[in-house]
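Peer 1:
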DNA sequence: AAAATTCGTTTAATATAATTGACACTATGG
DNA sequence: CCATAGTGTCAATTATATTAAACGAATTTT
């Protein structure tokens, strides 16, 4: 098991300040079962795990993506964004590159004629963003469009994609990827 | 059950061109069980579902977010963003509210003195964003900060949080939540 | 202090999931 | 036409999840 279902459930339950019995009452399963699950002495059926999570409430998908980490930094001034610039494309990540999280939020700046390259990017997860300033040419899975301020995109990152600034002006984008790319 | 685990597994399996027996061989689970699961005649334990998905391979989280439907929209003009405005806080979602995805990417606009309310929000997942224009006062887990253009935030959404525009000018933010809030 | 809550854990009984080994069906080829 | 190998399903057995009730420890009440 790559995830410790028991510890995970316990963390989630406690984060919501619920006792095993309180949670049990809202869910239609017994407190004893919740105890056994949290000790990893049984592997709950999907249907009972669903019942338990319904009482929190939390979706199954959320449970398996949930990260019960510590207390990371919340606020970031623009100077505190970690710079992961690579040439003509300046990338500023919200939060540490190392911290465990479920997303990358990025402030991207494409200089004039910046290009992520012809050998299209492709990786796991999904990404989306909104253009804040300037114009960008985006190619996703064969299709190409030019987006201006206020325009947006969202796609599964397995689709080959490429960002090109075909103008003489800088272009700024706020984007997010899940799971984190950086 | 809000999701049909059986049909879901069948769709995933067939998408990868595997027979029940082929999949069973790679997973350490019997073909009979796979048959029963797909007919929804049993609710598999998390451990057995995990074993099955390992043979594909696919993570549990991916399984529950997976959408066996067609290909979604990638590009969005600002007019195509789906408006989910609620009074003084204008929210524009990238992509459909219904489509299955792993994030919400939002273009948020806080009118003068807009406030998400004193009864602090709290929900599953994580959210982050960057301020594009104006200033916003953000409270997360007891701590309060005022952020300006280029500043950013990132936190687990279970922490009680509140957004307030305490200025006379509009404030614009690009944000993302994972898993999707909307 | 003793009694009453509340907490998480445990045990024995029961319900259900999972395995095994067969079955019926389809297709392909000798 | 029969043989062989593929598919998904099913009945009986075994293994395991789940229930209901009781337990001991730690707090709170009176």
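Protein chains in written order, with my numbering: chain A, 1 to 182; chain B, 1001 to 1182.
Think of the CB as a built atom: it goes at the ideal place given N, C-alpha and C, for glycine as much as any other residue.
None of the values given here were measured: they were computed from a predicted structure.
Evaluate residue 1015 of chain B with the Cβ neighbour count: other Cβ atoms within 10 Å of its Cβ, from every protein chain shown; 16 or more gives buried, anything less gives exposed.
Peer 2: It counts as exposed.
Peer 1: What did DSSP end up calling residue 73 of chain A once you bin it into helix, strand or coil?
Peer 2: Legend: pLDDT at residue 73 of chain A = 44, less than 50; position of this residue unreliable, no value from coordinates given.
Peer 1: Quick one: does residue 1064 of chain B have its CB under 8 Å from some CB of chain A?
Peer 2: So yes, residue 1064 of chain B belongs to the interface.
Peer 1: Could you pull out every residue in the same chain whose Cβ sits closer than 8 Å to the Cβ of residue 152 of chain A, ignoring the five residues on either side in sequence?
Peer 2: Cβ neighbours of residue 152 of chain A beyond the five flanking positions: 128, 129, 130, 131.
Peer 1: For the alpha helix (DSSP H) containing residue 21 of chain A, name the first residue and the last one.
Peer 2: Residues 20-27.
Peer 1: In the DSSP output, which residue or residues are listed as bridge partners for residue 155 of chain A?
Peer 2: Beta-bridge pairing links residue 155 of chain A to A/127.
Peer 1: Is residue 128 of chain A close to chain B, meaning its C-beta is less than 8 Å from at least one C-beta of that chain?
Peer 2: Yes, because at least one Cβ of chain B sits closer than 8 Å to the Cβ of residue 128 of chain A.
Peer 1: Locate the beta strand (DSSP E) running through residue 1176 of chain B, then write down its first and last residues.
Peer 2: Where residue 1176 of chain B is concerned, the enclosing beta strand (DSSP E) stretches over 1171-1178.
Peer 1: With a threshold of 16 other CB atoms inside 10 Å of the CB of residue 1048 of chain B, please say whether the residue is buried or exposed.
Peer 2: So residue 1048 of chain B counts as buried.
Peer 1: Could you say which of B/1143, B/1059, B/1023 lies nearest to residue 1046 of chain B if we only look at CA atoms?
Peer 2: For the residues B/1143, B/1059, B/1023, the minimum Cα distance to residue 1046 of chain B belongs to B/1059.
Peer 1: State the DSSP-derived secondary structure class of residue 1045 of chain B, mapped to helix, strand or coil.
Peer 2: Strand at residue 1045 of chain B.
Peer 1: Specify, as a first and last residue, the run of the alpha helix (DSSP H) that residue 163 of chain A falls within.
Peer 2: No alpha helix (DSSP H) contains residue 163 of chain A, which is instead part of the beta strand (DSSP E) from 161-164.
Peer 1: Taking only beta-carbon positions, decide if residue 1061 of chain B is within less than 8 Å of chain A.
Peer 2: Yes - at least one Cβ of chain A is within 8 Å of the one on residue 1061 of chain B.
Peer 1: From which residue to which residue does the alpha helix (DSSP H) around residue 145 of chain A run?
Peer 2: Unbroken run through residue 145 of chain A is the beta strand (DSSP E), 143-147; no alpha helix (DSSP H).
Peer 1: Could you tell me the alpha carbon to alpha carbon distance between residue 1054 of chain B and residue 170 of chain A, rounded to whole angstroms?
Peer 2: Near 44 Å, if we compare the C-alpha coordinates of residue 170 of chain A and residue 1054 of chain B.
Peer 1: What do you get for residue 57 of chain A, buried or exposed, if any count of 16 or more other CB atoms within 10 angstroms of its CB means buried?
Peer 2: With fewer than 16 other Cβ atoms within 10 Å, it is exposed.
Peer 1: Does chain A have any CB closer than 8 Å to the CB of residue 1008 of chain B?
Peer 2: No, no contact with chain A.
Peer 1: Sort B/1006, B/1041, B/1052, B/1037 by Cα distance to residue 1027 of chain B and report the nearest one.
Peer 2: Out of B/1006, B/1041, B/1052, B/1037, B/1052 has the C-alpha closest to the C-alpha of residue 1027 of chain B.
Peer 1: When you compare only the Cα positions, how much space is there between residue 1029 of chain B and residue 11 of chain A?
Peer 2: Between residue 1029 of chain B and residue 11 of chain A, the C-alpha separation is close to 30 Å.
Peer 1: Does the CB of residue 49 of chain A have a neighbour CB from chain B at under 8 Å?
Peer 2: Yes, residue 49 of chain A lies at the interface with chain B (some Cβ there is under 8 Å from its Cβ).
Peer 1: Under 8 Å between the Cβ atoms of residue 18 of chain A and residue 38 of chain A?
Peer 2: Taking 8 Å as the Cβ cut-off, residue 18 of chain A and residue 38 of chain A do not qualify as a contacting pair.
Peer 1: Please check if any C-beta of chain A sits within less than 8 Å of the C-beta of residue 1057 of chain B.
Peer 2: Answer no: the Cβ-Cβ gap between residue 1057 of chain B and chain A never drops below 8 Å.
Peer 1: Does DSSP put residue 1167 of chain B in a helix, a strand or coil?
Peer 2: Correct three-state label for residue 1167 of chain B: coil.
Peer 1: Using the rule of at least 16 other Cβ atoms within 10 Å of the residue's Cβ for burial, across every protein chain shown, is residue 1004 of chain B buried or exposed?
Peer 2: It counts as exposed.
Peer 1: Between which two residues does the beta strand (DSSP E) containing residue 1109 of chain B stretch?
Peer 2: Residue 1109 of chain B -> beta strand (DSSP E) spans 1104-1110.
Peer 1: Examine chain B for any beta-carbon lying closer than 8 Å to the beta-carbon of residue 154 of chain A, and answer yes or no.
Peer 2: Yes, its Cβ sits closer than 8 Å to a Cβ of chain B.
Peer 1: Is any beta-carbon of chain A found at less than 8 Å from that of residue 1176 of chain B?
Peer 2: Cβ-Cβ to chain A under 8 Å: yes for residue 1176 of chain B.
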